[in-house]
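Worksheet: the structure to be examined is printed underneath.
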Amino acid sequence: MTIRVFVLGVMLICSGAIQAETYATLFTHSYHFKRPTLYNENNWGLGFEHTLTDSWRAAAGIYRNSTRHDTVYVGGIYAPIRDYGFRVGAVLGLATGYNHSVVPLFFPTLSYEYRDVGVNIILVPSSVVGLQLKWKFD
Numbered sequence: 004m005t006i007r008v009f010v011l012g013v014m015l016i017c018s019g020a021i022q023a024e025t026y027a028t029l030f031t032h033s034y035h036f037k038r039p040t041l042y043n044e045n046n047w048g049l050g051f052e053h054t055l056t057d058s059w060r061a062a063a064g065i066y067r068n069s070t071r072h073d074t075v076y077v078g079g080i081y082a083p084i085r086d087y088g089f090r091v092g093a094v095l096g097l098a099t100g101y102n103h104s105v106v107p108l109f110f111p112t113l114s115y116e117y118r119d120v121g122v123n124i125i126l127v128p129s130s131v132v133g134l135q136l137k138w139k140f141d
């Protein structure tokens, strides 16, 4: 099931009819605010971001989550604030691999992009901050 959701997300992202930026993303690490922690903070995984408009990007991917399960996610990144390479907004979507079969995603994000590389910082308030690296390809 999770592989089918991932493939569907990748197909949706790559099927865009407009000429737009596409990024490969690499999930790397997370930091949980509750210390000491037994959570997995090495959250390796791969994904994609595809520009839909100036403010919206589609996103999909797979990573090893903090409870040591594989998570597949699909959704969008809304970033209405953009300046000097920074993008501030929110992630909205769905993910698997947590306490329920599918959970909603909604949390703030901060990105910085310079030429063909970038970084995403994801914040789940009062819980965890995550780091993603990304590379543009067209």
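Using our numbering, the first residue of the sequence shown is number 4, and each one after it goes up by one. Note that beta-carbon positions come from the ideal geometry of N, C-alpha and C, so glycine has one too.
Using 8 Å as the Cβ pair cut-off and three pairs as the minimum, do the stretch 117-129 and the stretch 68-75 touch? no
Write down the C-beta distance between LEU1 and GLY121 rounded to the nearest angstrom, noting that I regard them as a contact closer than 8 Å. The shown model of the chain, from 4 to 141, leaves out residue 1, and the question about it has no answer.
Do PRO128 and PHE110 come within 8 Å of each other at the CB atom, strictly closer than that value? yes
Kindly indicate if chain B contains any beta-carbon less than 8 Å away from that of HIS103. In summary, chain B is missing from the structure at hand, where a single protein chain is found.
With LEU113 and VAL91 assumed to form a contact (beta carbons below 8 Å), what rounded beta-carbon distance in angstroms separates them? 6 Å
In three-state terms, what does DSSP make of PRO39? coil
Using the C-alpha atoms, what's the distance from ALA27 back to TYR42? 26 Å
Same chain, Cβ closer than 6 Å to LYS137, neighbours up to 5 away in sequence not counted: TYR26, THR28, GLY121
Count the other CB atoms, across all protein chains shown, that sit within 10 Å of the CB of PHE36; report buried if there are 16 or more and exposed otherwise. exposed
Out of ASP86, SER130, HIS103, THR99, point me to the one whose CA is closest to THR40's CA. SER130
Please name the residue, chosen from GLY88, ASN102, LEU134, LYS139, that lies closest to TRP47 on a Cα-to-Cα basis. LEU134
Assuming the contact rule is C-beta atoms closer than 8 Å, SER104 and SER69 should be a hit. Round their C-beta distance to whole Å, please. Not a contact, Cβ separation roughly 18 Å.
Buried or exposed: which applies to ALA63, given that a residue is buried once 16 or more other Cβ atoms fall within 10 Å of its Cβ? buried
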